[in-house]
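Chains as they are written, first to last, in my numbering: chain Y, 111 to 220; chain H, 111 to 220.
Note that CB positions come from ideal geometry on N, CA and C, so glycine has one too.
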DNA sequence: TGCATTCATTGTAATATTGCAATTAAACAA
DNA sequence: TTGTTTAATTGCAATATTACAATGAATGCA
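What follows is the structure, encoded as structure tokens:
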């Protein structure tokens, strides 16, 4: 179907999956890494830096923005993008809970 | 294209994306959570627990196994699955580095 | 106004993902 | 051996994702 049956999962499970999917493409990983590195930059810089076509970068930026992980502000004919620290922290907390499940985990079985 | 241009990204970026994609579906999140909860269980238990058809669960298990996050051992007609603690820890370390980029990050711009 | 720059949007092609029915394979039990 | 149970595999339909050319929208500049 190509369509996940989200209705049979908990909100938490769906939220984890949605965030994880955002990091499920190397271009979005690269965008975030570059934004952390330079603090803020313009869409065109990301196009040069990453090497995908401008519409493709724009599409990836749209997804990250939709999830609230980045924000953009218009500056003349450019748009300046940067990480949304507050939402990044919230996302981190959710993912950390998921990843740290192994803390109280006994040991492998098979 | 539906095909990511992995060759233009670093190994690290691709590795992060591949792991993240594994968590990008709520069924795989649910499978891992259940395995952590009960320590180990059989495929059929996951089918009952999660509520997707057996072939679908089997397919998700295959992906998690391919990434090394879980392992399975045949026990009669059943297959017992559990988390691979060692690889889980390795994955966590990689993802932690990615998520903790914000540690030395100044502040938002726009 | 007219033109250039920058980015978003639209449309489209190629590929990937998800889900399941049907089937197969393997192990066990009688 | 025959039947049962369990899980993997196959095949397929529906949808999602990725990438980009072409275009559009907005701003700034001459």
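If we cut at 9 Å on Cβ distances, does residue i have a partner in chain Y?
i, result
"residue 173 (chain H)", "no"
"residue 116 (chain H)", "yes"
"residue 216 (chain H)", "yes"
"residue 169 (chain H)", "no"
Got a sec, what are the start and stop residues for the alpha helix (DSSP H) residue i sits in?
i, result
"residue 159 (chain Y)", "153-160"
"residue 181 (chain Y)", "From DSSP, residue 181 (chain Y) is part of no alpha helix (DSSP H) but of the beta strand (DSSP E) over 180-185."
"residue 167 (chain H)", "164-176"
Count the other CB atoms within 10 Å of the CB of residue i; is the residue buried (16 or more) or exposed (fewer)?
i, result
"residue 176 (chain H)", "exposed"
"residue 111 (chain Y)", "exposed"
"residue 184 (chain Y)", "exposed"
"residue 130 (chain H)", "buried"
Does the CB of residue i have a neighbour CB from chain H at under 9 Å?
i, result
"residue 165 (chain Y)", "no"
"residue 200 (chain Y)", "no"
"residue 156 (chain Y)", "no"
"residue 219 (chain Y)", "yes"
Sort the options by Cα distance to residue i and report the nearest one.
i, options, result
"residue 154 (chain Y)", "Y:206, Y:182, Y:134 and Y:173", "Y:182"
"residue 138 (chain H)", "Y:118, Y:159 and Y:198", "Y:118"
"residue 194 (chain H)", "Y:163, Y:165, Y:211 and Y:158", "Y:211"
"residue 135 (chain H)", "Y:213, Y:127 and Y:132", "Y:127"
"residue 191 (chain H)", "H:202, H:113 and H:174", "H:174"
Is residue i near the ligand SAH - that is, is its Cβ less than 8 Å away from at least one heavy atom of it?
i, result
"residue 185 (chain Y)", "The ligand SAH is not part of this structure, which contains no ligands at all."
How far does the beta strand (DSSP E) with residue i in it extend, from its first residue to its last?
i, result
"residue 188 (chain H)", "188-193"
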